[in-house]
Amino acid sequence: DAGITQSPRHKVTETGTPVTLRCHQTENHRYMYWYRQDPGHGLRLIHYSYGVKDTDKGEVSDGYSVSRSKTEDFLLTLESATSSQTSVYFCAISESGAYGNTIYFGEGSWLTVV
Amino acid sequence: AQSVTQPDIHITVSEGASLELRCNYSYGATPYLFWYVQSPGQGLQLLLKYFSGDTLVQGIKGFEAEFKRSQSSFNLRKPSVHWSDAAEYFCAVGASNNNDMRFGAGTRLTVKP
Numbered sequence: 029d030a031g032i033t034q035s036p037r038h039k040v041t042e043t044g045t046p047v048t049l050r051c052h053q054t055e056n057h058r059y060m061y062w063y064r065q066d067p068g069h070g071l072r073l074i075h076y077s078y079g080v081k082d083t084d085k086g087e088v089s090d091g092y093s094v095s096r097s098k099t100e101d102f103l104l105t106l107e108s109a110t111s112s113q114t115s116v117y118f119c120a121i122s123e124s125g126a127y128g129n130t131i132y133f134g135e136g137s138w139l140t141v142v
Numbered sequence: 493a494q495s496v497t498q499p500d501i502h503i504t505v506s507e508g509a510s511l512e513l514r515c516n517y518s519y520g521a522t523p524y525l526f527w528y529v530q531s532p533g534q535g536l537q538l539l540l541k542y543f544s545g546d547t548l549v550q551g552i553k554g555f556e557a558e559f560k561r562s563q564s565s566f567n568l569r570k571p572s573v574h575w576s577d578a579a580e581y582f583c584a585v586g587a588s589n590n591n592d593m594r595f596g597a598g599t600r601l602t603v604k605p
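Quick look at the structure:
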């Protein structure tokens with residue numbers, strides 16, 4: 029299994045509060061990704077990072093921000109959580125961004141916004 | 493932009509029976525195609541991938557998939573299903589790099605004893 033640790037694994041929060049999800053990797057991979065998984069939609073990319081302090085938006089980035097101050101850590105922040113952000117969030121990593129490189133996924137973080 | 497459709501939300505098969513999960517993609521050029529499996533409470537694991545070359549791709553756990561350009565399909569198959577194959581399966585299509593990947597909505601597989 030790829031060395032990816034997500035925290036917290038489960039969280040319930042109230043609407044309007046800030047939430048930060050953390051992804052930690054031990055593989056020294058350059059690329060890191062945050063996806064959300066919702067029924068009927070599969071996985072959708074929120075943001076990704078291609079190096080320390082280098083990040084870019086994905087398909088569904090509105091309402092989310094990210095930061096990567098170290099190779100091993102990629103943080104996803106919901107500045108003011110809304111019920112529509114109730115989802116399962118997956119961190120993923122890959123050695124490079126090219127399709128020759130497999131994407132490895134973490135075990136997910138279940139977030140409920142009430 | 494590329495897209496992928498998995499027509500079957502849920503499939504039930506008996507243990508030992510053959511399995512085929514359907515995946516149709518939309519993309520103007522030759523796509524990069526993937527199948528992932530997700531066990532309950534777990535992340536996704538890559539089963540196999542197609543970039544070019546032989547259109548029949550072998551993967552892990554006894555799975556294979558066939559790329560058919562004329563049908564825009566990349567169906568996943570297994571000759572004999574085991575109870576441990578019960579999971580959700582995702583097809584994905586990509587264009588040029590990993591951040592362009594698009595996932596299907598998934599097919600949940602139930603295996604009957």
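Chains as they are written, first to last, in our numbering: chain S, 29 to 142; chain G, 493 to 605.
All residues carry an ideal CB built from backbone N, CA and C; glycine is no exception.
Note that the structure is predicted; figures quoted are calculated from it, not measured.
When the options are compared against residue i, the one with the closest alpha-carbon
{"i": "residue 119 of chain S", "options": "S:64, S:110 and S:48", "result": "S:64"}
{"i": "residue 541 of chain G", "options": "G:526, G:513 and G:507", "result": "G:526"}
{"i": "residue 554 of chain G", "options": "G:587, G:538 and G:563", "result": "G:538"}
{"i": "residue 73 of chain S", "options": "S:123, S:37, S:142 and S:115", "result": "S:115"}
{"i": "residue 599 of chain G", "options": "G:524, G:520, G:509 and G:528", "result": "G:528"}
{"i": "residue 78 of chain S", "options": "S:43, S:32, S:59 and S:111", "result": "S:59"}
{"i": "residue 500 of chain G", "options": "G:587, G:604 and G:597", "result": "G:597"}
{"i": "residue 100 of chain S", "options": "S:82, S:126, S:68 and S:52", "result": "S:52"}
{"i": "residue 552 of chain G", "options": "G:577, G:532 and G:534", "result": "G:577"}
{"i": "residue 31 of chain S", "options": "G:567, G:535 and G:602", "result": "G:535"}
Closer than 9 Å to chain G by CB, residue i
{"i": "residue 92 of chain S", "result": "no"}
{"i": "residue 50 of chain S", "result": "no"}
{"i": "residue 87 of chain S", "result": "yes"}
{"i": "residue 72 of chain S", "result": "yes"}
{"i": "residue 118 of chain S", "result": "yes"}
{"i": "residue 133 of chain S", "result": "yes"}
{"i": "residue 122 of chain S", "result": "yes"}
{"i": "residue 57 of chain S", "result": "no"}
Whole-angstrom distance between residue j and residue i, CA atom to CA atom
{"i": "residue 66 of chain S", "j": "residue 139 of chain S", "result": "11 Å"}
{"i": "residue 493 of chain G", "j": "residue 87 of chain S", "result": "11 Å"}
{"i": "residue 589 of chain G", "j": "residue 548 of chain G", "result": "22 Å"}
{"i": "residue 89 of chain S", "j": "residue 522 of chain G", "result": "27 Å"}
{"i": "residue 563 of chain G", "j": "residue 583 of chain G", "result": "15 Å"}
{"i": "residue 574 of chain G", "j": "residue 56 of chain S", "result": "35 Å"}
{"i": "residue 130 of chain S", "j": "residue 591 of chain G", "result": "12 Å"}
{"i": "residue 516 of chain G", "j": "residue 71 of chain S", "result": "16 Å"}
{"i": "residue 33 of chain S", "j": "residue 95 of chain S", "result": "16 Å"}
{"i": "residue 134 of chain S", "j": "residue 509 of chain G", "result": "31 Å"}
{"i": "residue 524 of chain G", "j": "residue 559 of chain G", "result": "10 Å"}
{"i": "residue 193 of chain S", "j": "residue 75 of chain S", "result": "Residue coverage of chain S in this structure runs from 29 to 142, which leaves residue 193 of chain S outside it and unanswerable."}
{"i": "residue 92 of chain S", "j": "residue 507 of chain G", "result": "43 Å"}
{"i": "residue 61 of chain S", "j": "residue 594 of chain G", "result": "13 Å"}
{"i": "residue 80 of chain S", "j": "residue 69 of chain S", "result": "30 Å"}
Any C-beta of chain S under 9 Å from that of residue i
{"i": "residue 594 of chain G", "result": "yes"}
{"i": "residue 589 of chain G", "result": "yes"}
{"i": "residue 548 of chain G", "result": "no"}
{"i": "residue 536 of chain G", "result": "yes"}
{"i": "residue 582 of chain G", "result": "yes"}
{"i": "residue 597 of chain G", "result": "yes"}
{"i": "residue 541 of chain G", "result": "yes"}
{"i": "residue 533 of chain G", "result": "yes"}
Contact check, residue i vs residue j, beta carbons under 9 Å
{"i": "residue 504 of chain G", "j": "residue 518 of chain G", "result": "no"}
{"i": "residue 109 of chain S", "j": "residue 54 of chain S", "result": "no"}
{"i": "residue 106 of chain S", "j": "residue 46 of chain S", "result": "yes"}
{"i": "residue 132 of chain S", "j": "residue 122 of chain S", "result": "yes"}
{"i": "residue 104 of chain S", "j": "residue 117 of chain S", "result": "yes"}
{"i": "residue 587 of chain G", "j": "residue 530 of chain G", "result": "no"}
{"i": "residue 49 of chain S", "j": "residue 137 of chain S", "result": "yes"}
Margin query: Quick check for students: name the residue ranges of the beta strand (DSSP E) that lie wholly in the region 525-575 of chain G, counting only runs of 3 or more.
Written below: Qualifying beta strand (DSSP E) stretches, in chain order: 536-542, 548-550, 556-560 and 565-570.
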